[in-house]
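Undergrad: Residue numbers (UniProt numbering), protein chains in the order written: chain Z, 1 to 334; chain S, 1 to 278.
Think of the CB as a built atom: it goes at the ideal place given N, C-alpha and C, for glycine as much as any other residue.
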Amino acid sequence: MIELDGLTKRYGTKTAVDHLSFRVRPGMITGFLGPNGAGKSTTMRMMLDLDNPTSGTVRIDGRHYRELDEPLKYIGALLDAKAMHGGRSAYNNLLCLAQSNRIPRQRVDEVLDLVGLTAVARKKSKGFSLGMGQRLGIASALLGDPEILMFDEPVNGLDPEGIHWIRNLMKSLAAEGRTIFVSSHLMSEMALTADHLIVIGQGKLLADTSMADFIQQNSRSFVRLRSPQQERLRDVLHGAGFVVVEAGNGTLEVDGATTERLGELAAEHQLTLHELSAQRASLEEAFMQMTAGAVEYHAHGTDVHGGGPAAPSGPVWGADSGWGPRAGSTTEGV
Amino acid sequence: MTAPTPTPTPPPPYGYVSPIPVRRAHLGDALASEWTKIRSVRSTVWTLGTMVLLMLAIGLGVAAIASGEGGNMGEESALPLGFFGMLPASICVITLGVLTISSEYGTGMIRTTLTACPSRARVLTAKAIVFFLLVFTVTLVVAFVVATAQVAMVEAAEPTGAEWARATVGAAGFLALLGLLSMAVGALVRHSAGAITVMIGVLLLPLVAGMFMFASALSGLREALFTYAVPSQMIALYSAEPPFSDSGPAGWEALFILMGITAVALGGAYALLNSRDV
């Protein structure tokens with residue numbers, strides 16, 4: 001269990017983290033979501049006592065990080081893949097960490113085996129690919145077999161197989177009753193792994209909710225229909241009191257209906273259907289809406305929804321390159 | 001003060017407890033960790049290896065030249081010849097001292113180190129002890145070998161026990177302290193090239209600057225620069241009397257001065273490491 005209470009970090013006049021209070025509970029994966037520059041990494045560094053908070057506290061099982069006897073046995077963290085000495089072998093990088101927390105030597109071999117780096121254990125970590133570096137970082141987090149695991153953007157730079165591996169690893173670790181706290185800027189990734197969701201933007205807490213609730217509240221569900229007799233179908237749907245939206249490519253979208261009801265309706269009127277499917281608007285979209293006001297760096301002159309009328313102008317999710325001049329936009333002050 | 005917060009253990013279905021038993025980590029664990037670190041990077045082997053070669057080659061070379069020119073050492077023993085190897089050796093020690101800590105900042109390893117051991121004081125102390133003992137031991141052995149060879153090769157006065165002590169334990173202690181000072185500077189600057197530059201400057205700049213102080217108004221300053229420059233201190237270490245002027249340090253005093261400076265720099269490093277974000 002990790003508890004944050006009014007955690008704040010200011011750099012001069014800029015507030016990176018603004019009165020964050022939330023709990024990370026055991027036995028589940030808590031996703032920590034926010035746009036680039038939202039303060040995720042700063043928050044995680046403060047949780048590990050690397051950065052000093054301007055105010056507020058972080059407690060790990062009720063204690064301050066510095067009060068933990070052998071911290072690696074309580075909490076393991078992957079901050080960034082390259083937080084190792086490149087001139088040292090993978091084995092020795094882990095060994096020196098193990099020794100500082102009196103973790104038996106054989107555990108080093110165990111975690112290397114667990115992340116699949118046994119074959120390169122004696123190689124310098126400098127020559128590792130990003131994916132291998134990420135695995136080594138995960139090995140160091142698992143070294144003390146800790147109750148709490150923190151991963152900062154663990155899937156960054158991983159290939160699909162690696163992403164799949166880390167998802168399953170996190171799930172199995174959570175199933176053992178551990179507390180998993182994982183940051184990401186990809187909603188789609190979180191939707192697949194996280195049970196609980198904490199969303200921040202510009203250092204402020206935007207949401208602290210279960211994944212199921214988030215999906216429930218934020219995704220519009222509708223039914224998509226396609227028919228060669230589109231005109232008639234639309235009249236029938238109107239006649240039955242449904243609101244129909246034409247979605248292009250000859251498809252119709254109906255809100256607040258079930259596929260069963262619409263299928264029966266079509267059958268009554270002897271209409272041919274080529275498609276009848278339940279749809280959900282993407283969570284990514286819902287997430288973008290939520291953080292639209294809190295994206296720190298906007299890319300200009302680009303549109304989120306490819307010209308959709310409801311789209312808020314400007315913010316593009318994940319694009320943190322508001323620097324260079326772009327077509328159709330004046331250069332903003334840096 | 002913080003109110004005593006009850007720390008209930010998580011309810012059974014959740015809550016994972018590491019099967020590895022926990023007890024309070026102490027300095028010994030940090031020492032083992034730092035020893036693994038220092039022996040498992042190549043820069044240690046390179047810098048110390050270069051240092052040993054330089055000390056041996058220069059020490060024996062100087063002895064060979066001195067013996068070839070005939071015994072003109074006068075009242076002195078052959079031991080002060082050891083100085084010539086110490087100057088280049090000090091550059092190796094400076095490099096290793098700085099790298100011991102700044103490479104952690106350069107690679108990001110420091111974050112991993114400090115999550116494993118949140119006590120900054122313990123990390124720095126362990127680094128200091130491991131580094132000091134390693135450099136002290138290596139230089140002591142080499143200094144002893146070189147001194148023995150020099151005494152055997154060069155016709156000069158028989159060195160006293162005190163002279164032997166200064167030329168071996170003193171020289172090794174001086175180099176190890178210089179390395180420790182470099183480590184402190186490395187911790188303060190957090191940047192390898194920057195810290196090495198600072199230390200090379202500390203080593204050589206006073207002499208170079210003093211060389212160009214022709215104005216008589218600056219003669220006092222020039223005198224001080226010459227007397228207290230690091231190479232002059234090394235020469236002073238080998239002699240019982242102040243070697244350059246009537247005043248100034250001689251013998252062990254040179255070591256004590258460096259000890260004081262190193263203590264201050266380390267104190268600064270402790271304070272800053274504790275308050276600074278990583």
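(1) Closer than 8 Å, Cβ to any Cβ of chain S: which residues of the region 41–74 of chain Z, in chain order?
(2) Does the distance from the CB of Thr30/Z to the CB of Phe181/Z come in under 8 Å?
(3) With DSSP as the reference, label Gly194/S as helix, strand or coil.
(4) Cβ of Leu94/Z within 8 Å of Cβ of Leu143/Z?
(5) I'd like to check one pair, Ala98/Z with Arg107/Z: are the Cβ atoms closer than 8 Å?
(6) If we define contact as Cβ-Cβ less than 8 Å, is Thr112/S a contact residue for chain Z?
(7) Between the Cα of Gly268/S and those of Ser103/S, Ala121/S, Phe132/S, spot the shortest distance and give me the residue it belongs to.
(8) Against Cys117/S, what residues of chain Z qualify as contacts under a CB-to-CB distance less than 7 Å, listed in chain order?
(9) So with CB distances below 9 Å, who are the chain Z contacts of Ala32/S?
(10) By alpha-carbon positions, which one of Val155/Z, Thr42/Z, Glu70/Z, Leu78/Z ends up nearest to Val17/S?
(11) Can you give me the start and stop residues for the alpha helix (DSSP H) that Glu253/Z sits inside?
(12) At the level of alpha carbons, what is the spacing between Lys9/Z and Ala263/S?
(13) Out of Arg178/Z, Leu276/Z, Glu161/Z, Phe222/Z, state which residue places its alpha-carbon closest to the alpha-carbon of Ile75/Z.
(14) Please specify which runs of the alpha helix (DSSP H), each continuous and at least 4 residues long, are wholly inside the region 92–177 of chain S, giving them in chain order.
(15) Rounded to whole angstroms, what is the Cα-Cα separation between Asp303/Z and Ser192/S?
(16) Do Ser184/Z and Glu284/Z have their C-beta atoms closer together than 8 Å?
(17) Measure the Cβ-Cβ separation of Thr227/S and Phe244/S and say whether it is below 8 Å.
(18) Would you mind listing the alpha helix (DSSP H) stretches within the region 26–72 of chain S that are 4+ residues and don't spill past its ends, in chain order?
(19) If you count every other CB in all the chains shown that lies within 10 Å of the CB of Lys14/Z, and 16 or more means buried, which is it?
(20) Assuming Leu175/S contacts Thr139/S (C-beta within less than 8 Å), just tell me the rounded distance between them.
(21) If I follow the unbroken alpha helix (DSSP H) through Val111/Z, where does it start and stop?
(22) Please report the Cβ distance between Pro88/S and Tyr65/Z, rounded to the nearest whole angstrom; I am assuming they are in contact, meaning their Cβ atoms lie under 8 Å.
(23) Just mark Gln11/Z as buried or exposed, buried being the case when its beta carbon has 16 or more other beta carbons within 10 Å.
(24) Determine the direct distance from the alpha carbon of Met109/S to that of Ala121/Z, and round the result to whole angstroms.
(25) Just reading off the beta strand (DSSP E) that Asp208/Z is part of, what are its end residues?
(26) Under 8 Å, do Gly141/Z and Ala77/Z count as touching if we go by C-beta distance?
(27) Which ranges does the beta strand (DSSP E) cover as unbroken runs of at least 3 residues, wholly within the region 128–155 of chain Z, from first to last along the chain?
(28) Answer yes or no: does any C-beta atom of chain Z fall closer than 8 Å to that of Thr125/S?
(29) For a cutoff of 8 Å on Cβ pairs, would you count Gly42/S as touching chain Z?
(30) Does chain S have any CB closer than 8 Å to the CB of Ala90/Z?
(31) Which residue wins for smallest C-alpha separation from Val230/S, given the options Ala162/S, Leu203/S, Phe136/S, Ala209/S?
(32) Sorted by chain position, which residues of the same chain lie with C-beta nearer than 7 Å to Thr113/S's C-beta, five sequence neighbours on each side aside?
(33) Check distances from the C-beta atoms of the region 136–158 of chain Z to those of chain S and list, in chain order, the residues that come in under 7 Å.
(34) Please classify Arg102/Z: does DSSP put it in a helix, a strand, or coil?
(35) Gly31/Z by DSSP, collapsed to three states: which one?
(36) Residues in the region 165–192 of chain S with C-beta within 7 Å of chain Z's C-beta atoms, listed in sequence order?
TA: The answer reads as follows:
(1) Arg45, Leu48, Asp49, Leu50, Asp51, Asn52, Arg59, Asp61, Gly62, Arg63, Tyr65, Arg66, Leu68, Asp69, Glu70, Pro71, Leu72, Lys73, Tyr74
(2) yes
(3) helix
(4) yes
(5) yes
(6) yes
(7) Ala121/S
(8) Ser100
(9) Cys96, Gln99, Ser100, Arg102
(10) Glu70/Z
(11) Not the alpha helix (DSSP H): Glu253/Z falls in the beta strand (DSSP E), residues 251–255.
(12) 33 Å
(13) Arg178/Z
(14) 109–116, 120–153, 161–165
(15) In this prediction, Asp303/Z has a pLDDT of 43, which is less than 50 and means its spatial position is unreliable; what the coordinates show is noted afterwards. Cα to Cα, Asp303/Z sits roughly 45 Å from Ser192/S.
(16) no
(17) yes
(18) 27–39, 42–68
(19) exposed
(20) 5 Å
(21) 105–114
(22) The pair is not a contact, with the Cβ atoms about 44 Å apart (cut-off 8 Å).
(23) According to the sequence shown, residue 11/Z is Tyr rather than Gln. Classification of Tyr11/Z: exposed, given that the 10 Å Cβ count is below 16.
(24) 18 Å
(25) 204–210
(26) Contrary to the premise, residue 141/Z reads as Ala rather than Gly in this sequence. It is a contact, given that the beta carbons lie within the stated cut-off.
(27) 148–152
(28) no
(29) According to the sequence shown, residue 42/S is Arg rather than Gly. So yes, Arg42/S belongs to the interface.
(30) no
(31) Leu203/S
(32) Glu104, Val123
(33) Ser140, Gly144, Asp145, Pro146, Glu147
(34) coil
(35) strand
(36) none
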